[in-house]
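Number of protein chains: 2
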Amino acid sequence: MVPEVARVSVPGHVTGCFSVHRDPDPQIAGSRGAGITLTDGATVVVDRTGSRDLELDGTKTTMASVEHVLATLDVEPAVQVETAVPVGAGFGISGAVALGVALGANAVYACGHTENDLVAIAHAAEVEASTGLGDVVAQARGGAPIRREPGAPPHGTLDGIPAGGRIEYVTFGELSTAAVIGGDTGAINDAGAAALRTILDDPTLSAFMSASRTFAREAALLTPSVERAIEHVVDAGGEATMAMLGDTVVALGTGLSDAGYEPAACSIAHAGVQIEAGSGYFS
Amino acid sequence: MVPEVARVSVPGHVTGCFSVHRDPDPQIAGSRGAGITLTDGATVVVDRTGSRDLELDGTKTTMASVEHVLATLDVEPAVQVETAVPVGAGFGISGAVALGVALGANAVYACGHTENDLVAIAHAAEVEASTGLGDVVAQARGGAPIRREPGAPPHGTLDGIPAGGRIEYVTFGELSTAAVIGGDTGAINDAGAAALRTILDDPTLSAFMSASRTFAREAALLTPSVERAIEHVVDAGGEATMAMLGDTVVALGTGLSDAGYEPAACSIAHAGVQIEAGSGYFS
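Chains as they are written, first to last, in the numbering used here: chain A, 1 to 283; chain B, 1 to 283.
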C-alpha cells in the first residue's frame, strides 16, 4: 500500500574543510573533505494529495535544489519543511531538503528507487543549484563523514571518524555558498587537500577541529565574528571551527558555553536520513 | 583524553538472501545480498583496565571473530557483551561483537583508525572465523542494506531499501553458518543472484520479503519450523522470511502476532554501529 504522506528526518551537516571538484556530470562533481552531521537538521513532509508547493518553516518559498529533484522524479507534491537551524548559515539545509524530498517523494509516488539512486538525484540537484557539493552524501550517512572521493554513489567514497558527542554552535549571519564555490578555488583546494590528509592520519574529532581551523585560515574564509569566537573557545581550552559556508562557529562539548557564549546545542547524529513511521514505512 | 572504557551499540542483522564470494583476501571475500538491520542487537563494552577476557551475557566464552580483531589491533582488553537476541540464530551477533570490539578498542587504545578501517578489520575477522560474510558491513551501515558488491571497504559496495518499521521474530533453534558457507554453494549462489536482481528492480521491503522466501526455498535452506511459520504469516496476509542462517522467522509489522505466534518485536535500525556517550565520545 503506497502512503499519501511521508515524513523524512535529515541531519544537519557542517563541513569543516573541503576541496572543490568540478565535472560536467553533476553526479561526479562534488567535494572531498570532512564534516559532522547534527541531530539539528530538517524534517521534510511530502504529501501527494496537496497542491505543488514548498513551505519552509511556515512560509511559502522556492528552493532550486528541490525544483531539480521534483523535475527528475517528475512529480508535483506539496512539501512542508521544518528546520532546527538557520538556512544559509552552513548547516546544509538545502541539501537536507533536497534529500528529504527525494526519499519522501519516492515513498509516496512508489518511484522504485534505491537509497543510492535517491542520494545521487539529490546530490546532482544540489550541484546544479550551486548550493552545495558534499552535504547530501554526508547527510545520507550520518556520523562524522569523511568524503574521500567526491560525488554521489557509485562515484564518491565515504569514510568516517569513529566518534560522536555534544556539539554547540552560534550563528552570526549568512554566507553565499554559490559565491565561494563558483569563484577561484585554488587556495581552498590546496588547504582542503592538506586538511584531509591530516584528518586521515589522525581520524579524531580533535584533529578534525584543528585541521579545519587551519583550513579556514589558509583558505581565507574566516569571518571576523567566527575568528574571534574560535579564539575565545580555544583560549578557554576547547575546540571550535567554522561551519563551511556560513557565518557560524561550532564547538565540541561545552566549548562555546565555557567561553561565555549562549550557544544552541545538539549532538553528532548517529543516523543519516531516515523515513519515519506512518509514512510508507513498509513500502 | 583517551577513555578507559568504551560502550558500543551494534544493530542485529538478518540476511534474507545472499550469494557467496570466496577470495584468498578476507577483506575481498564476502557476499552479495540483502537484509535488514535490527534495533535488537548487541552492546559491547571494551575496558582497557580489565584483564583480557570475553563475557557474553554474563558467561565467560571465546569468539573466534573477536580473537582475530584483537590480534589485528594487538590489544588485550576486557570485553563484556550483552545481546538482545540469541547467538547462532541468524541475527549476526558474531559480526556485531567483532565490529563493536573493533570500534571500542580503537577508542580506548587510541589506535587511530577510520571507521572504514575498523569495518574492514571486523569483516576480515568474521570471514576468517567462518561465522559470516556480510553482517559486518551491513551492521556498520544500518537500515535495510543491499550488498551490491561483496567485501569490506573499499572493495564492497552498499545500497539500501529506503524503508523501515516494526519487525517481529521467532527463533526455533540454531544453525551453523560455517557448515553452509563452507559447503557446496552452487544452488545458493544461483538463487541469491536471482533474488538480488528482483530486489534491485523493486527495492521495497515487500519485494525483499518475497524474493527472500523464494531464495530460501530454491537454496534448500528452509527448516520445517520456519517453512510452517512463513506459511502461517502469509496465510494471515503478512510478509515473512527466514533469517540466514538461523532457525528463525522474521516478519514485517505484526505479521507473526497476526498469525497467532508470540514473537519478540523490534524495529529496523536507523543507525549503524555507534559509540555511545561516556566512551571516548570526543576522541
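We treat Cβ as the ideally placed atom computed from N, Cα and C, and that holds for glycine.
Residue i versus residue j: straight-line alpha-carbon distance, rounded
| i | j | result |
| --- | --- | --- |
| R141 of chain B | R148 of chain B | 13 Å |
| R197 of chain A | A191 of chain A | 10 Å |
| G189 of chain B | A42 of chain B | In the sequence as presented, Gly is not what sits at residue 189 of chain B; that position holds Asn. Approximately 29 Å, taken between the alpha carbons. |
| G173 of chain A | D247 of chain A | 5 Å |
| G33 of chain A | L256 of chain B | 46 Å |
| S176 of chain B | S130 of chain B | 10 Å |
| I161 of chain A | N106 of chain B | 11 Å |
| S225 of chain A | T214 of chain A | 16 Å |
| S283 of chain A | F91 of chain A | Because S283 of chain A sits at a pLDDT of 48, beneath the cut-off of 50, its placement in the model cannot be relied upon, and the point is left open. |
| V97 of chain B | D25 of chain B | 21 Å |
| R22 of chain B | A29 of chain B | 5 Å |
| E67 of chain A | V137 of chain B | 34 Å |
| G163 of chain B | I275 of chain A | Note that residue 163 of chain B corresponds to Ala in the displayed sequence, not to Gly. Roughly 6 Å separates the two Cα atoms. |
| L221 of chain A | T37 of chain B | 41 Å |
| S94 of chain A | V20 of chain A | 18 Å |
| G50 of chain A | L205 of chain B | 26 Å |
| G280 of chain A | A110 of chain A | In this prediction, G280 of chain A has a pLDDT of 42, which is less than 50 and means its spatial position is unreliable; nothing more can be read from the coordinates. |
| S267 of chain B | S65 of chain A | 32 Å |
| V101 of chain A | V75 of chain B | 45 Å |
| E115 of chain A | T241 of chain B | 22 Å |
| P203 of chain B | A144 of chain B | 10 Å |
| L56 of chain A | P86 of chain A | 11 Å |
| P153 of chain A | S31 of chain A | 13 Å |
| L158 of chain A | I146 of chain A | 6 Å |
| G183 of chain B | V170 of chain B | 26 Å |
| T83 of chain B | A211 of chain A | 38 Å |
| D135 of chain A | T59 of chain B | 45 Å |
| R228 of chain B | V127 of chain A | 51 Å |
| L245 of chain B | F208 of chain B | 16 Å |
| R166 of chain B | G132 of chain B | 25 Å |
Beta-carbon neighbours of residue i, restricted to chain B and to distances below 9 Å
| i | result |
| --- | --- |
| N116 of chain A | I146, R148, T157, L158, D159 and G160 |
| D202 of chain A | G112 |
| A193 of chain A | Near A193 of chain A there are no residues of chain B at all, since even the closest Cβ is about 17 Å away, more than 9 Å. |
Residue i, enclosing alpha helix (DSSP H) - first and last residue
| i | result |
| --- | --- |
| T215 of chain B | One point to set straight first is that residue 215 of chain B is Phe, not Thr, in the sequence displayed. Looking at the DSSP string, the run of the alpha helix (DSSP H) that includes F215 of chain B is L205 to E218. |
| T37 of chain B | Counting along the chain, T37 of chain B falls outside any alpha helix (DSSP H), though it belongs to the beta strand (DSSP E) covering G30 to D47. |
| H232 of chain B | P224 to D235 |
| Q139 of chain B | D135 to R141 |
| S257 of chain A | G255 to D258 |
| L158 of chain A | Where L158 of chain A is concerned, there is no enclosing alpha helix (DSSP H), although the beta strand (DSSP E) it sits in stretches over T157 to G160. |
| V127 of chain B | E115 to A129 |
| S176 of chain B | Looking at the DSSP string, S176 of chain B is not in any alpha helix (DSSP H), and its letter there is neither H nor E. |
| V87 of chain A | It is not in any alpha helix (DSSP H) - V87 of chain A carries neither H nor E in the DSSP assignment. |
| A195 of chain B | G186 to D201 |
| T72 of chain B | A64 to L73 |
| I285 of chain A | Since the first residue shown for chain A is 1 and the last is 283, residue 285 of chain A is missing from the structure and cannot be characterised. |
| V273 of chain A | That residue, V273 of chain A, is in no alpha helix (DSSP H); it is neither H nor E in DSSP. |
| V2 of chain A | Looking at the DSSP string, V2 of chain A is not in any alpha helix (DSSP H), and its letter there is neither H nor E. |
| A152 of chain B | Looking at the DSSP string, A152 of chain B is not in any alpha helix (DSSP H), and its letter there is neither H nor E. |
| G104 of chain A | I93 to V108 |
Distance cut-off 7 Å: residue i Cβ against heavy atoms of the ligand FMN
| i | result |
| --- | --- |
| K60 of chain B | This structure simply doesn't include the ligand FMN, nor any ligand for that matter. |
Residue i: contacting residues in chain B (beta-carbon distance under 7 Å)
| i | result |
| --- | --- |
| P154 of chain A | T157 |
Span of the beta strand (DSSP E), counted from its first residue to its last, around residue i
| i | result |
| --- | --- |
| G173 of chain B | R166 to G173 |
| V20 of chain A | V5 to H21 |
| L54 of chain B | D53 to L56 |
| A240 of chain B | A240 to M242 |
| A163 of chain B | Looking at the DSSP string, A163 of chain B is not in any beta strand (DSSP E), and its letter there is neither H nor E. |
| L252 of chain A | D247 to L252 |
Amino acids of chain A, ordered along the chain, whose beta-carbon sits closer than 7 Å to that of residue i
| i | result |
| --- | --- |
| G142 of chain B | A271 |
*Evaluate contact between the region 119-127 of chain A and the region 7-15 of chain A, counting only Cβ atoms and requiring at least three cross-stretch pairs below 8 Å.*
Judged by Cβ distances under 8 Å, the region 119-127 of chain A makes no contact with the region 7-15 of chain A, as fewer than three pairs qualify.
*Got a sec: which bits of the region 39-50 of chain A sit with their beta carbon under 9 Å from any beta carbon on chain B, in order along the chain?*
Listed by position along the chain: nothing, the set is empty.
*What residues in the region 244-272 of chain A bring their beta carbon closer than 7 Å to a beta carbon of chain B?*
Identification of residues in the region 244-272 of chain A having a C-beta nearer than 7 Å to some C-beta of chain B yields L252, G253, H270 and A271, given in sequence order.
_If the cut-off is 8 Å on Cβ atoms, which residues from the region 82-105 of chain A count as contacting chain B, listed in chain order?_
Hits within the stretch, in order: L103.
*Do the region 2-11 of chain B and the region 34-53 of chain B meet, that is, are 3 or more Cβ pairs less than 8 Å apart?*
By the Cβ criterion, the region 2-11 of chain B is in contact with the region 34-53 of chain B, since at least three pairs of Cβ atoms, one from each stretch, lie closer than 8 Å.
*Counting Cβ pairs closer than 8 Å, one from the region 227-240 of chain A and one from the region 254-272 of chain A, do we hit at least three?*
Short answer: they touch.
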